[in-house]
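Accompanying notes for the structure given below.
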Amino acid sequence: MAKLVIMRHGQSEWNAKNLFNGWIDTDLSDAGVTQAHQAGSLLAETQIQFDFAATSLLKRAIKTLHIMLEETNQLYVPEQKHGVLMSVIMELYKG
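The working numbering applies: residue 10 is where the sequence shown begins, and numbers increase by one.
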């Protein structure tokens, strides 16, 4: 049976400052990197095997995915980046 795993990126530098990111390409904070490792470790315990991975175009999402794939020993999984996976545009609320 096919399974779909949806994961949000780890905390960004702006999240740590209680700012809204929107499409601004902020990096993961140190806590966000730790969160991504923890999420990947939990996924590794399930022994789930991925056929492919998809992520948005934002580095915080890409880095979260790469950390998760590293934690699950699945760096070989084909990866696609899609703009459609980016957050809803909320330009009025960024910052």
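Ideal Cβ positions, reconstructed from N, Cα and C, are used throughout, including at glycine.
**Asked** So who's on the other strand from Q47, going by DSSP bridges?
**Response** On the sequence shown, position 38 is the one that residue 47 refers to. None; Q47 has no bridge partner.
**Request:** For the alpha helix (DSSP H) containing A70, list its first residue and its last residue.
**Result:** For this step, residue 70 is matched to residue 61 along the sequence shown. A70 -> alpha helix (DSSP H) spans 68-80.
**Asked** Looking at the structure shown, is L105 part of a helix, part of a strand, or coil, going by DSSP?
**Response** Outside the shown range of the chain, which is 10 to 104, sits residue 105, and nothing can be said about it.
**beta-carbon K90 near the ligand ADP non-hydrogen atom, thresh 8 Å** = This structure does not include the ligand ADP; it has no bound ligands of any sort.
**Request:** May I have the straight-line CA-CA distance separating W32 from T55, to the nearest angstrom?
**Result:** For the purposes of this step, residue 32 is taken as residue 23 along the sequence shown, with counting starting at 1. For the purposes of this step, residue 55 is taken as residue 46 along the sequence shown, with counting starting at 1. Distance between the alpha carbons of W32 and T55 is about 32 Å.
**Prompt:** With L37 and T64 assumed to form a contact (beta carbons below 8 Å), what rounded beta-carbon distance in angstroms separates them?
**Reply:** What you label residue 37 is simply residue 28 of the sequence shown in a count that begins at 1. What you label residue 64 is simply residue 55 of the sequence shown in a count that begins at 1. Not a contact, Cβ separation roughly 13 Å.
**Request:** Classify Q20 as buried or exposed, calling it buried when 16 or more other Cβ atoms lie within 10 Å of its own Cβ.
**Result:** Translated into positions along the sequence shown, residue 20 becomes position 11. That one is buried.
**Message:** In the DSSP assignment, the beta strand (DSSP E) including A11 goes from what residue to what residue?
**Reply:** Within the sequence shown, the letter at position 2 stands for residue 11. Run containing A11: none; DSSP gives neither H nor E here.
**Asked** Could you give the residue range of the beta strand (DSSP E) that holds T9?
**Response** The requested residue 9 does not occur in the structure, where the chain is confined to residues 10 to 104.
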